[in-house]
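Colleague: The letter at position 110 of the sequence shown is residue 403 when you use my numbering, and the numbering goes up by one with no holes.
Every residue, glycine too, gets a C-beta built ideally from N, C-alpha and C.
Given the structure is predicted, the values throughout are model-derived calculations rather than measurements.
Got a structure for you, written out below as structure tokens; questions coming shortly.
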Amino acid sequence: MLLNDTKQVVLSNSIIFNYKNKIMNQESKEKLNKYEFDDEVIYTGFSNYNDAENFSIAENGTLSEVAFRNGNDNPEMTSEANLLADKNHFAAFAGEEYRFIHSGDPQFKDYAANLMEKKSDLDNEDIQEKYFAPGKTQLEEDPVIVLKNGELESVTSIERAKYLKHANVYQIGVVIKK
């Protein structure tokens, strides 16, 4: 009898776990970018590789790398940036003079710390107050630092990076067949 009770508890916990995952996935879906095609839907905008992987499992989807080229907001399947192999979720390229550093990049904290020491020329507000201060969200999603020739050019979002400098932006996507 104890074995049956244990199975029932495990079953109950499993059901609760699956139910919670469904709720979390519904909340997650609302924050993602959705691209609908005739036979599939592609979701992008994951904050890290693991989130995309978990979403693909929960939704019976497939992880894929997608590219947004030259300011175009139509995702194209690719493997150019090796995001799947590197288990990364974002990359951007706009020529040799530009570098995009996402908040998930290990070097981001170093660059952000250096930026916080500098003053903004625009309004004499320091960078921390302008971009990183708690309670003053300038960006709805994770920030991306844009460097030109090693110097700060701007702080932007992944979505806005698609339209900067004719960049090729690569993201992890989850493809779900209709």
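1) Express the C-alpha separation of Lys471 and Tyr336 in angstroms, rounding to a whole number.
2) State the DSSP-derived secondary structure class of Arg392, mapped to helix, strand or coil.
3) Enumerate, from N- to C-terminal direction, the unbroken alpha helix (DSSP H) stretches of 4 or more residues contained entirely within the segment 326 to 385.
4) Going by beta-carbon coordinates alone, are Glu489 and Ile465 separated by less than 8 angstroms?
5) Please name the residue or residues paired with Tyr463 in a DSSP beta bridge.
6) Measuring only the C-alpha atoms, how far is Arg475 from Ala351?
7) On the three-state DSSP scale, how would you describe Lys455?
8) Taking all protein chains shown into account, do 16 or more other C-beta atoms lie within 10 angstroms of the C-beta of Phe330, making it buried, or fewer, making it exposed?
9) Going by DSSP in three states, Lys470 sits in which element: helix, strand or coil?
10) Does the distance from the CB of Phe386 to the CB of Lys455 come in under 8 angstroms?
Modeller: According to the data block:
1) 13 angstroms
2) strand
3) 342 to 351, 376 to 379
4) As shown, the chain starts at 294 and ends at 471. That puts residue 489 outside it, with no answer to give.
5) Ala360, Ala384
6) What is shown of the chain runs 294 to 471, which leaves residue 475 out entirely.
7) coil
8) exposed
9) strand
10) no
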